[in-house]
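Novice: Dumping the structure here so I can ask a few things about it.
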Amino acid sequence: MNQADLQRANAETRAAWNTNALLWDERMGEGNDFVEVLSWPASERLLNVQPGERVLDIACGNGLTSRRLAALGAEVVACDFSEEMLAHARRRSGDHGDRIRYTVVDATDEAALLALGPAASFDAALAAMALFDMAEIDPLFRALAQLLRPGGRFVFSLMHPCFNNPFTATMGEMTDSEAGVITTYGVKVQGYMTAAMAYGHAFRDQPRPHIYFHRNLEQLLGTGFKNGFVVDGLEERAFPAGQPHSGNPLGWGSHFSEIPPIMVVRMRKSA
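Every position in the sequence shown, counted from 1, becomes a number in the numbering used here once 197 is added.
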């Protein structure tokens, strides 16, 4: 996409999240099974927040990760480009008001990100399930290369680009054998290598579809590499076999215990 296309996609994405903010906050609240079982435990381990550290929470949504960071003792600067999302974040964060500063910032705007603080003023940054909602990620990595102190870490979780992208489909097959009828589950992959955008829904009845921006691993991690980051932690997270099921046999859950729907990465700024 050229710059004009990126700007249009970004504006459409912001409008979608402003429209969907109320439903998202009602359904997500303080976290769902993807947060509690998959993304947050790995993010907490890899981020390893220490009391008093200054942490940037990028694309914070309704602030569920901001509040968890504050509860760990961090001083949190939390930003999102959706004013409606931030309204819910502030409403929910009364108990942490002195440890979280919410501000409207577009994570694709390098200058706005750099205005969040002096150079090397953050110990760590988090982007929880957010990079695939960004029309471009280069400005974010460029800004973090300046905002993080030497050795500072950036942890991000995202839909696994290999197994859970807009061009994959969960599937089940029933076979009749001597042992009986056997049902197996898997994922059909129809696209991966080419960066692309596609419309989708986080919840079935959300008012407006939003755009997913798919990037392969080379594109994702390469953006960090060229800005002076290295990968020194990675977890691929799948639901355990005993995880209670949502009711949809093809929804992510225990039927797919060998296939990770998300991954969590720690990149560290060179010292």
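We treat Cβ as the ideally placed atom computed from N, Cα and C, and that holds for glycine.
Counting Cβ pairs, one atom from each stretch, are 3 or more of them under 8 Å apart for the segment 321-339 and the segment 290-299?
Specialist: Too few Cβ pairs lie closer than 8 Å, so no.
Novice: Could you give the DSSP three-state label for leucine 341: helix, strand or coil?
Specialist: Here residue 341 is taken as the residue at index 144 of the sequence shown, counted from 1. Here leucine 341 sits in helix by DSSP.
Novice: Straight-line CA distance for tryptophan 221 to glutamate 281?
Specialist: Here residue 221 refers to the residue found at position 24 of the sequence shown. Here residue 281 refers to the residue found at position 84 of the sequence shown. Rounded to the nearest angstrom, the two C-alpha atoms are 11 Å apart.
Novice: Tell me the residue span of the alpha helix (DSSP H) that contains methionine 198.
Specialist: Taking the sequence shown and counting its residues from 1, the one referred to as residue 198 is at position 1. Unbroken run through methionine 198: none, as it is neither H nor E.
Novice: Between which two residues does the beta strand (DSSP E) carrying histidine 411 extend?
Specialist: If you number the sequence shown from 1, residue 411 lands on position 214. Histidine 411 -> beta strand (DSSP E) spans 407-411.
Novice: Sort out for me which residues DSSP pairs aspartate 373 with in a bridge.
Specialist: By one-based count along the sequence shown, residue 373 stands at place 176. Answer is Val378, bridged to aspartate 373.
Novice: Please classify phenylalanine 278: does DSSP put it in a helix, a strand, or coil?
Specialist: Taking the first residue of the sequence shown as position 1, residue 278 is located at position 81. Phenylalanine 278: coil per DSSP, three-state reduction.
Novice: Quick one: give me the first and last residue of the beta strand (DSSP E) that proline 253 is part of.
Specialist: Indexing the sequence shown from 1 puts residue 253 at position 56. The identity of residue 253 in the sequence shown is leucine, whereas the question assumes proline. Taken as a continuous stretch (DSSP letters only), the beta strand (DSSP E) holding leucine 253 covers 251-255.
Novice: For leucine 431, which beta-bridge partners are listed by DSSP?
Specialist: Taking the first residue of the sequence shown as position 1, residue 431 is located at position 234. DSSP output for leucine 431 lists Val462 as bridge partner(s).
Novice: According to DSSP, simplified to helix, strand and coil, what is glutamate 272?
Specialist: Taking the first residue of the sequence shown as 1, we reach residue 272 at position 75. Residue state, collapsed to three classes: strand.
Novice: Determine the DSSP secondary structure at serine 354, reduced to helix, strand or coil.
Specialist: Taking the sequence shown and counting its residues from 1, the one referred to as residue 354 is at position 157. Note: serine 354 maps to strand in three-state DSSP.
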